[in-house]
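The next block holds one structure in the form of structure tokens; read it before the comments.
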Amino acid sequence: FCKKAGMTPDEFVKKYSYNIRHAYGQEGKRKDYTPLNCVRIILGTQPTGGQCHGCVFKTHDSLQLKQILQQQSCHLDTSDIDYILEKKNEPQVACRRHFERSFKGASSDNVGEHPNAWYEAAKVASTTSTKEASS
Numbered sequence: 179f180c181k182k183a184g185m186t187p188d189e190f191v192k193k194y195s196y197n198i199r200h201a202y203g204q205e206g207k208r209k210d211y212t213p214l215n216c217v218r219i220i221l222g223t224q225p226t227g228g229q230c231h232g233c234v235f236k237t238h239d240s241l242q243l244k245q246i247l248q249q250q251s252c253h254l255d256t257s258d259i260d261y262i263l264e265k266k267n268e269p270q271v272a273c274r275r276h277f278e279r280s281f282k283g284a285s286s287d288n289v290g291e292h293p294n295a296w297y298e299a300a301k302v303a304s305t306t307s308t309k310e311a312s313s
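What the sequence shown shows, in our numbering, is residues 179 to 313, in sequence order.
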């Protein structure tokens, strides 16, 4: 990792290790920071020049979002992509639709409310489909 970033492991430790330990409550006030929910991410500060955070359904323009969906979402057909692009101004609805089409039949109850909910639901759906495939 450090070689790709153009630094030695010692430089990484000096520049970043305290901040990482602090973020995980191992330094400073030892506070347990709660992750942002989707509403706070969508309404919060949007990424600028070269930053990679935020909600993809909110931060990308329609052309970028369409390219990402076409490249990375093999489970989406043209009508799904068109629907998601129509709902771009409702990122949580677009997110839920993307999840429902990517994990057919999986529960999407909390998807669109918190990034961790998307991850957890995807993990359950993937585990379930892997078990079904091996049966």
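C-beta atoms are modelled at their ideal positions from N, C-alpha and C, and glycine is treated no differently.
Setting aside the 5 residues that flank it on each side, Cys-273 is surrounded in the same chain by Phe-235, Gly-290, each with a C-beta closer than 6 Å to its C-beta; the list follows chain order. If you look at Thr-237, you'll find it in the alpha helix (DSSP H) that goes 234 to 237. At a Cβ-Cβ threshold of 9 Å, Cys-230 and Pro-269 do not count as neighbours.
Between the alpha carbons of Arg-208 and Asp-260 lies a distance of about 45 Å. Listed in chain order, the non-local C-beta contacts of Asp-258 below 6 Å within the same chain comprise Arg-279, local neighbours out to five positions each way being set aside. Fewer than three Cβ pairs drawn from the segment 197 to 212 and the segment 238 to 245 lie within less than 8 Å of each other, which leaves the two stretches out of contact. Per DSSP, Phe-190 is one residue of the alpha helix (DSSP H) stretching across 187 to 190. Straight-line spacing of the CA atoms in Leu-247 and Tyr-194 works out to 33 Å. Excluding residues up to 5 positions away in sequence, Phe-281, Ala-284 lie with their Cβ nearer than 7 Å to the Cβ of Ala-303 in the same chain. For Pro-225, no alpha helix (DSSP H) run applies, since DSSP gives it neither H nor E. Within the same chain, Phe-235, Ser-240, Leu-243, Ala-272 come within 7 Å of Lys-266 by CB-CB distance, once the 5 residues on both sides are set aside.
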